[in-house]
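Trainee: Dropping the structure in here first, questions after.
Residue numbers (my numbering), protein chains in the order written: chain Y, 9 to 256; chain X, 117 to 539.
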């Protein structure tokens, strides 16, 4: 499950990259809507958001691009957006527009369970899954409530920290996956800090249904763009390696 | 270089139930629609722990006795309510004029109100067993206050500060380092308070299990706006007592500058239910509200979410947070505490804005009339007196919160006034 930042370096590249990811075995893609103050993101995705905003990427522009892929894009697209751009548009209007553009769900990293209740209902009415996040610091009882309330899948944050590439996965992630599995049947995807096929395989072996790879892909795409290379092809190659690692 | 004068609200018409809500937010940390906890899930347990620890601490005489003892012997409280006779004289009209009193937070240890909150939160961190402290700072006053209490209690201290602010407030950067703190430059975004706060929150998300975040304003996710307000409420409590001693009744008007809004909230809080007391907050209009280069969040902002709270916010039409501009690093912030947005919305408090140049004029006026160099932040509150005083009846008692001293700003002021001051 790759993550990429919409509009980095521009929406034309994002469009081509989405198709390349699909062609190279992505099961689902998480598409970031750039925001000026991304609290849950480390330096790599912060920089990607800054580049996307510099290219004048707007939420409406992202949805328009997504809409233009209808018929071509068959894998589910989950939008990753912070609260403020979403609330600025209005929850109902945003969800309606996202669903009309073909999105399958939403991840809002600064909207914990208590604040998410209202949005979850509005999203469901529009036909969107609101994915909720569980962190290593989440107490067991709360973890159960989040897992029950999450739609589509539950996003297990693998580290106490922001997004970014990390060398080692904490072994407690395995315990957390096991714990979540006893609390409900919703699929589990692990993200934050997963960067290579080995880590993705490790997460699967722990019993998770998906591994989200973000910063590592964003880096590869930025490097390709910096060297005047083919951004979408680079994204596709990276995705193919992950796929091969998982299928091996 | 003009700024807008807001309409005067009829505070006596405010719904008492609405005022009650201002005293304590609901269980989700909301004042009306404002407040809440818009943060990554990782922080939610820590916010719950903090709220619980604070509630228990306020009920524990061992905590409150120690806090009060240190406020007296370390901070130097109570600080005076000073009658500014020459400033009063300056605004006197033929038929009379208001009398102006200054609450001398500038006389606190470290030179500003910020130490009230830093001290209280450091004591809370000790209670929670957290040995590492992080903080954000704009003008450096909150950073210095935090570095000070960390030195006092032997806590590790990391202060996030925008690179631009480090340049503007070099003296405070050195003070923090002298006190043993690490000052971490933040170059992201506009390299000011907004970005320093984001970076401090990211550090907290990463190190939450060992670290307490001493947030420096009445902003951020619940319980911070309430917690910080409660540690600063001593400002208003002393003011109330001192007014009754000095002239036998409540003051008529309270004036304070507002960036995030902590000194104003501390002064206002004990008077919120006293609806005959006017509450006036003064924001930074930078180059002028009409230029778009300002930090007048309440005057110009729309409802949005920044740094974990819903409040008024300077943002563009797409919901991207806008850069704020002010000569004062402490007011250079596109957000504002949620309780201020609430008090504005229910009509209990009124807010205005003054420009950089109006603040500079007011700073010089206070220097020459009263022999007090105020902080640039505080100078904004003084500048509002130019608009306010001519509208006040003779005998009106005005208390202005002199939230900080201006030593840290002397370089900035010298840059701006260098030519005019002569040799």
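All C-beta atoms in this analysis are idealised placements derived from N, C-alpha and C, irrespective of residue type, glycine included.
1) To the nearest angstrom, how far is it from the Cα of residue 338(X) to the Cα of residue 147(X)?
2) Rounded to the nearest angstrom, what separates residue 212(X) and residue 504(X) at their Cα positions?
3) Can the beta-carbon of residue 398(X) be found less than 8 angstroms from the beta-carbon of residue 500(X)?
4) Can you list the residues of chain Y that residue 304(X) reaches, using a CB-CB cut of under 7 angstroms?
5) Do the region 352 to 369 of chain X and the region 272 to 283 of chain X make contact, defined as three or more Cβ pairs closer than 8 angstroms?
6) Would you please verify whether the beta carbon of residue 416(X) is less than 8 angstroms from any beta carbon of chain Y?
7) From residue 94(Y) to residue 431(X), what does the alpha carbon distance come to, in whole angstroms?
8) Return yes when the Cβ of residue 368(X) is within less than 8 angstroms of the Cβ of residue 393(X), no when it is not.
9) Go ahead and pull the three-state DSSP assignment for residue 168(Y).
10) Give the residues from the region 119 to 150 of chain Y that approach chain X closer than 7 angstroms (Cβ to any Cβ), ordered along the chain.
11) Return the residues of the region 77 to 96 of chain Y that lie within a Cβ-Cβ distance of less than 9 angstroms from chain X, sorted by chain order.
12) Give the DSSP-derived three-state secondary structure of residue 272(X) in the structure shown.
13) Is DSSP giving residue 530(X) helix, strand or coil here?
14) Is residue 200(X) closer than 8 angstroms to residue 218(X) when the C-beta atoms are compared?
15) Kindly list, in the order they appear in chain X, the residues whose Cβ is closer than 7 angstroms to that of residue 169(Y).
16) Short check: CB of residue 259(X) to CB of residue 288(X), under 8 angstroms?
17) Does residue 67(Y) get closer than 8 angstroms to chain X when you measure Cβ to Cβ?
18) How about residue 324(X) and residue 171(Y): do their beta carbons lie closer than 8 angstroms?
19) Along chain X, which residues have their Cβ under 7 angstroms away from the Cβ of residue 117(Y)?
20) Span of the beta strand (DSSP E) holding residue 248(X)?
21) Pick helix, strand or coil for residue 196(X), following the three-state DSSP scheme.
22) Mind listing the chain Y neighbours of residue 168(X)? Cutoff is C-beta to C-beta under 7 angstroms, in chain order.
23) What residues in its chain sit with their C-beta under 8 angstroms from that of residue 195(Y), if we drop five residues either side in the sequence?
24) Might you give, ordered along the chain, the residues of its own chain that have their beta carbon closer than 6 angstroms to the beta carbon of residue 151(Y), omitting 5 neighbours on each side?
25) Just to confirm, are residue 332(X) and residue 378(X) a CB contact at a threshold of 8 angstroms?
26) What number of angstroms, rounded off, separates the C-alpha of residue 176(X) from the C-alpha of residue 167(X)?
27) At which residue ranges does the region 210 to 260 of chain X contain complete alpha helix (DSSP H) runs of 4 or more residues, listed in the order of the chain?
28) Give a yes or no on whether 8 angstroms exceeds the smallest Cβ distance from residue 314(X) to chain Y.
29) In the region 419 to 443 of chain X, which residue ranges form an unbroken beta strand (DSSP E) of at least 3 residues, counting only runs that do not cross its ends?
30) Report yes or no: do the region 418 to 428 of chain X and the region 465 to 484 of chain X share at least 3 C-beta pairs separated by less than 8 angstroms?
31) Run the proximity test for residue 451(X): is its beta-carbon closer than 7 angstroms to any non-hydrogen atom belonging to the ligand GTP?
Mentor: With the given structure in hand:
1) To locate residue 338(X), count along the second chain from 1; it is residue 222. To locate residue 147(X), count along the second chain from 1; it is residue 31. Straight-line Cα distance between these residues: approximately 10 angstroms.
2) Within the second chain, the letter at position 96 stands for residue 212(X). Within the second chain, the letter at position 388 stands for residue 504(X). Roughly 14 angstroms separates the two Cα atoms.
3) As a first step, residue 398(X) is located in the second chain; it is residue number 282 there, counting from the start. As a first step, residue 500(X) is located in the second chain; it is residue number 384 there, counting from the start. Yes; because the gap between Cβ atoms is below 8 angstroms, this pair is in contact.
4) In the second chain, residue 304(X) corresponds to position 188, counting from 1. Neighbours of residue 304(X) across chain Y, judged by C-beta separation under 7 angstroms: 54.
5) Segments in contact, no.
6) Along the second chain, one-based indexing puts residue 416(X) at 300. For residue 416(X), the nearest beta carbon of chain Y is not closer than 8 angstroms to its own beta carbon.
7) As a first step, residue 94(Y) is located in the first chain; it is residue number 86 there, counting from the start. As a first step, residue 431(X) is located in the second chain; it is residue number 315 there, counting from the start. In this structure, the CA atom of residue 94(Y) is about 13 angstroms from the CA atom of residue 431(X).
8) Here residue 393(X) refers to the residue found at position 277 of the second chain. Here residue 368(X) refers to the residue found at position 252 of the second chain. Closer than 8 angstroms, so yes.
9) Residue numbering aside, residue 168(Y) sits at position 160 when the first chain is read from its first letter. For residue 168(Y), the three-state secondary structure derived from DSSP is coil.
10) For the region 119 to 150 of chain Y, the beta-carbon criterion of a distance under 7 angstroms to any beta-carbon of chain X is satisfied by 119, 120, 122, 123, 141, 142, 143, 145, 146, 147.
11) Residues 90, 91, 92, 93, 94, 95, 96.
12) The residue given as residue 272(X) occupies position 156 in the second chain. Here residue 272(X) sits in strand by DSSP.
13) Translated into the one-based positions of the second chain, residue 530(X) becomes position 414. DSSP places residue 530(X) in helix when its eight states are reduced to three.
14) Mapped onto the second chain, residue 218(X) falls at position 102. Mapped onto the second chain, residue 200(X) falls at position 84. With contacts defined by Cβ atoms closer than 8 angstroms, residue 218(X) and residue 200(X) form a contacting pair.
15) On the first chain, position 161 is the one that residue 169(Y) refers to. 321, 322, listed in chain order.
16) The residue given as residue 259(X) occupies position 143 in the second chain. The residue given as residue 288(X) occupies position 172 in the second chain. In terms of Cβ geometry, residue 259(X) and residue 288(X) form a close pair [threshold 8 angstroms].
17) Here residue 67(Y) refers to the residue found at position 59 when the first chain is read from its first residue. The beta-carbon of residue 67(Y) is placed less than 8 angstroms from the nearest beta-carbon of chain X.
18) Start at 1 with the first residue of the second chain, and residue 324(X) comes out as number 208. Start at 1 with the first residue of the first chain, and residue 171(Y) comes out as number 163. No, the Cβ-Cβ distance between residue 324(X) and residue 171(Y) is not below 8 angstroms.
19) As a working mapping, residue 117(Y) is identified with position 109 in the first chain. For the C-beta of residue 117(Y), the chain X residues within less than 7 angstroms are, from N- to C-terminus, 156.
20) On the second chain, position 132 is the one that residue 248(X) refers to. Under the DSSP assignment, residue 248(X) falls in the beta strand (DSSP E) whose first and last residues are 248 to 253.
21) Translated into the one-based positions of the second chain, residue 196(X) becomes position 80. Look at residue 196(X) here: in three-state DSSP terms it is coil, with no helix or strand label.
22) For the purposes of this step, residue 168(X) is taken as residue 52 along the second chain, with counting starting at 1. Chain Y residues near residue 168(X): none, gap ~13 angstroms exceeds 7 angstroms.
23) Within the first chain, the letter at position 187 stands for residue 195(Y). The beta carbon of residue 195(Y) lies closer than 8 angstroms to those of 160, 161, 162, 217, 218 in the same chain, with the five residues before and after it left out.
24) Position 143 of the first chain holds residue 151(Y). Excluding residues within five positions, the ones whose Cβ falls inside 6 angstroms are 142.
25) Locating residue 332(X) in the second chain gives position 216, where the first residue counts as 1. Locating residue 378(X) in the second chain gives position 262, where the first residue counts as 1. Yes.
26) Here residue 176(X) corresponds to residue number 60 of the second chain, with the count starting at 1. Here residue 167(X) corresponds to residue number 51 of the second chain, with the count starting at 1. Between the C-alpha atoms of residue 176(X) and residue 167(X) there is a straight-line separation of about 14 angstroms.
27) DSSP runs (the alpha helix (DSSP H)) wholly in the region 210 to 260 of chain X: 231 to 244.
28) The residue given as residue 314(X) occupies position 198 in the second chain. Yes, contact with chain Y.
29) If you keep only unbroken beta strand (DSSP E) runs of at least 3 residues inside the region 419 to 443 of chain X, you get 425 to 429.
30) These segments do not touch.
31) Absence of the ligand GTP is noted for the structure shown, with no ligands found whatsoever.
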